[in-house]
Structures are given as C-alpha cells and as structure tokens.
Amino acid sequence: MANHNTGPQVEGQTKDLHEEALQPPSMYKVILNNDDYTPMEFVIDVLQKFFSYDIERATQLMLTVHYQGKAICGVYSAEVAETKVAQVNRYARENEHPLLCTLEKA
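Okay, so the sequence shown: first residue is 1 according to the UniProt record's numbering, each after it adds one.
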C-alpha cells in the first residue's frame, strides 16, 4: 500500500504556528519632540488634527512637550504609528516648522 505522507510531521508544529499567529502586534509610541521654533498653537493644531485630541488635552500635551522636551501622543501598531509620524512630519515641513515626530517601541 502506498504511503501518502506529504512531508515530515513534527509533533506540536501546528500548535506552535497557531500560537505565533495569535500574538498581538508590536506597539509603538508616537512622540512629539520639543524645539525652540515651532509655535505652541501649531503643536496644539497637530495634536487635534492627527490625534483627535480636544483642545484641553491637546493643550496639556503641548505643555508637556514644551516643559519636558517630549510627549507621547499615542500608542499604535507599527503601520499606524509610522503613518502618523510621516503625516505629522510632512505637515510640519509644509508649514515650515521644525517640529519632529518620532516613534519608539512601547
């Protein structure tokens, strides 16, 4: 009788692959960094436009950036974080501000 084995089977292989598929995605902090030139009003605008903060929370975060040198705007999956960083940095350059948005692993 023919053996219909399609390849080597390793016990637990399916379980390991299944567990890997269920791992949550890596998360990244999106950070606004302080500089001496970007107006506070522009930072508030960025926080409202790209992170959907209301005026009160945007103002609090802007003050954190100003006094502590940086603030976390949010924690997102890699793709979302990279997109937000690119959007903020592009918007800042289009408006001739040196504001820098970065990301780091959470």
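The beta carbon of each residue, even a glycine, is placed where N, CA and C say it ideally should be.
Helix, strand or coil at residue i according to DSSP, with G and I counted as helix
i, result
"residue 76", "strand"
"residue 104", "strand"
Option in the options with minimal Cα separation from residue i
i, options, result
"residue 76", "40, 95, 35 and 50", "50"
"residue 37", "103, 98 and 48", "98"
"residue 69", "56, 83, 43 and 88", "43"
Nonlocal neighbours in the same chain, by C-beta distance under 8 Å from residue i, ignoring five residues either side
i, result
"residue 33", "65, 69, 70, 99, 100, 101 and 102"
Cβ neighbours of residue i in the same chain (closer than 6 Å, five flanking residues each side left out)
i, result
"residue 54", "none"
Proximity test, Cβ basis, 8 Å: residue i and chain B
i, result
"residue 44", "The question asks about chain B, but that chain is absent: this structure has only one protein chain."
Q | Entirely enclosed beta strand (DSSP E) segments - the UniProt domain "Adaptor protein ClpS core" (24 to 102), minimum 3 residues | A | 27 to 33 and 70 to 77
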